[in-house]
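Trainee: The numbering used here numbers the first residue of the sequence shown as 9 and each following residue consecutively.
In this text, a Cβ means the ideal position worked out from N, Cα and C, and glycines have one as well.
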Amino acid sequence: MVKTNQKDRNYSLTIGRRIRGLRKNRALTIKELASSVGLSVGLISQIENEQVTPAISTLMKISNSLGVDITYFFQTEERRELFTVVSEKERFTSSRRDVGGKLDLGYTYESLAFKQAKKHMEPFIVTFDLKEKEDMVFFGHEGEEFVYIMEGKAEFCIDDKSTVLEENDSLYFDSSKLHGYRAMGSHPCRALVVVYNKTP
Numbered sequence: 009m010v011k012t013n014q015k016d017r018n019y020s021l022t023i024g025r026r027i028r029g030l031r032k033n034r035a036l037t038i039k040e041l042a043s044s045v046g047l048s049v050g051l052i053s054q055i056e057n058e059q060v061t062p063a064i065s066t067l068m069k070i071s072n073s074l075g076v077d078i079t080y081f082f083q084t085e086e087r088r089e090l091f092t093v094v095s096e097k098e099r100f101t102s103s104r105r106d107v108g109g110k111l112d113l114g115y116t117y118e119s120l121a122f123k124q125a126k127k128h129m130e131p132f133i134v135t136f137d138l139k140e141k142e143d144m145v146f147f148g149h150e151g152e153e154f155v156y157i158m159e160g161k162a163e164f165c166i167d168d169k170s171t172v173l174e175e176n177d178s179l180y181f182d183s184s185k186l187h188g189y190r191a192m193g194s195h196p197c198r199a200l201v202v203v204y205n206k207t208p
C-alpha cells in the first residue's frame with residue numbers, strides 16, 4: 009500500500025474543494041458535471057469529498073467542462089504574469105492512487121508551472137512506477153503530449169502499439185487516444201511531461 013503524506017493530502021484536498029466550488033458557482037449538479045465529462049456521479053462525488061486524487065487526464069476533462077485551465081487547481085490565485093518561477097521546494101507531489109485508493113495510477117506528478125494562469129501548456133515531472141504490462145492503466149485526454157525521459161526506462165503503449173523509451177529519449181503524440189506508461193528495469197522512471205491543451 010502506498011502511503012500518502014500530509015503534503016500530498018493537502019494537495020488533494022485543495023483540488024476537491026475547488027472543483028466543488030466551481031461546480032456550485034456554475035449552478036451545476038454533480039450529475040450534470042459527470043455527464044459533461046463522461047465520468048460517473050460516484051467518481052465526481054469521491055473527488056469532491058477528498059476520497060480521490062484525480063489523474064491528470066481526469067482533471068483536464070473536469071477543468072475543460074468547468075471553463076478553467078488545469079492550472080486553477082494548483083495555484084493560490086489565478087493571474088497571468090510576464091513570467092513565473094516555481095522553485096523545487098514549492099512543488100508538491102500527487103498521490104499514486106485514484107478512486108478512493110482502489111486504483112493504483114502507476115505514477116505521481118508534480119506541477120512545474122502552477123503559478124501561471126491561462127496557458128496552453130502544462131509541464132509536469134512524472135515518476136512512473138515499476139509495473140507488469142498487464143497492470144498498466146490507460147488514460148486519454150484532449151490535446152497533445154510531449155515526454156522526455158530524465159532517468160530510467162519506460163514502456164509507452166498507445167492503441168495496439170508500444171515502444172521502449174530510454175534515458176534522454178523523447179516522445180510526442182496525440183493524447184486523445186488511450187495511452188499508458190510503465191517503468192522498466194530495476195527502479196522507477198522520471199520524465200518531463202508537457203501536456204498541450206487546445207482550449208485553456
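(1) Using DSSP bridges, identify the partner residues of residue 157.
(2) Rounded to the nearest angstrom, how far is the Cβ of residue 64 from that of residue 45, given a contact under 8 Å?
(3) Could you have a look at residue 47 and say whether DSSP puts it in helix, strand or coil?
(4) Looking at residue 122 and residue 162, is the spacing between their C-beta atoms short of 8 Å?
(5) Express the C-alpha separation of residue 57 and residue 25 in angstroms, rounding to a whole number.
(6) If contacts are defined as beta-carbon pairs under 8 Å, then residue 82 and residue 119 qualify, I think. What distance do you get, rounded to the angstrom?
(7) Below 7 Å CB to CB, which residues in the same chain sit around residue 165 once its five sequence neighbours on both sides are set aside?
(8) Quick one: is residue 79 buried, meaning 16 or more other Cβ sit within 10 Å of its Cβ, or exposed?
(9) Going by beta carbon distance, what residues of the same chain come within less than 7 Å of residue 29, once the five residues before and after it are set aside?
Mentor: Let's see:
(1) For residue 157, which the question treats as bridged, DSSP gives the partners 199.
(2) Actually they do not touch by this definition, with Cβ atoms about 14 Å apart.
(3) Residue state, collapsed to three classes: coil.
(4) No, the Cβ-Cβ distance between residue 162 and residue 122 is not below 8 Å.
(5) Near 8 Å, if we compare the C-alpha coordinates of residue 57 and residue 25.
(6) Yes, they are in contact, since the Cβ atoms of residue 82 and residue 119 sit about 5 Å apart, within 8 Å.
(7) Apart from sequence neighbours up to five positions away, the residues of its chain that approach residue 165 with a beta-carbon distance below 7 Å are 144, 187 and 188, ordered along the chain.
(8) Classification of residue 79: buried, given that the 10 Å Cβ count is 16 or more.
(9) Within the same chain, residue 29 has no close Cβ partners at all.
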